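Numbering (the working numbering), first residue to last: 5 to 194. Heads up, the beta-carbon is just placed ideally off N, CA and C, and yes, glycines get one too. Bear in mind that the values here come from a model prediction, so they are computed numbers and not experimental data. Here's the structure, in structure tokens; my notes come after.
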């Protein structure tokens with residue numbers, strides 16, 4: 005296989021896996037759950053980096069190598085994406101992490117995602133929903149399937165169409181606060 009063919013294969017496989025993860029057709033990534041029943045095999049490596057805007061924590065790591073998820077790295081991701089108000093963490097949806105990898109690639113950036121909100125404990129979500137009409141009572145944040153992010157150097161209004169184009173779940177644009185919501189629920193936009 006030539007280098008170009010390999011790149012096309014890897015790019016296509018990542019897209020297929022993300023789409024299948026959202027539809028729940030890959031063993032190990034089940035729609036509606038944040039945990040993997042069994043590891044799936046994807047080619048190559050997957051790297052992400054984060055800066056949590058509420059805690060100041062930073063994380064840059066490789067969470068998948070040669071098709072194998074690194075449990076220690078996933079635990080670190082789960083920790084930084086925890087509910088920063090309560091400290092509660094869950095296993096974040098692997099499809100969401102793969103979606104962020106694809107988004108980062110499409111945006112052609114190596115910088116970190118700035119985390120505004122990721123996992124939310126039910127009590128946190130209920131408190132936010134009571135004070136804001138913009139918070140869903142059955143938010144995918146409570147399942148570890150959603151994240152609200154900024155990308156340094158790229159306005160949210162420019163991130164939004166790229167995320168929407170991935171067709172991998174819900175995408176919302178919040179212009180006032182300059183961030184984008186992405187989740188691995190049904191494909192929808194707002």
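DSSP has residue i in a bridge; who is on the other side?
i           : result
residue 176 : 185
residue 151 : 186
Could you give the residue range of the beta strand (DSSP E) that holds residue i?
i           : result
residue 128 : Looking at the DSSP string, residue 128 is not in any beta strand (DSSP E); the run it does join, the alpha helix (DSSP H), is 126-135.
residue 63  : 62-69
Quick one: what does DSSP say residue i is sitting in, helix, strand or coil?
i           : result
residue 56  : strand
residue 191 : coil
residue 73  : strand
residue 50  : strand
residue 118 : strand
residue 144 : helix
residue 157 : coil
Roughly how many angstroms lie between the CA atoms of residue i and residue j, to the nearest whole one?
i           : j           : result
residue 3   : residue 85  : Outside the modelled stretch of the chain, which goes from 5 to 194, sits residue 3, for which no answer is possible.
residue 74  : residue 98  : 12 Å
residue 120 : residue 191 : 21 Å
residue 48  : residue 68  : 8 Å
residue 116 : residue 107 : 12 Å
residue 72  : residue 66  : 11 Å
Once you ignore the five residues that flank residue i on each side, which residues in its own chain have a CB closer than 7 Å to its CB?
i           : result
residue 177 : 160, 161, 164, 184
Quick one: give me the first and last residue of the alpha helix (DSSP H) that residue i is part of.
i           : result
residue 165 : 160-169
residue 92  : Premise fails: residue 92 is in no alpha helix (DSSP H) and is neither H nor E.
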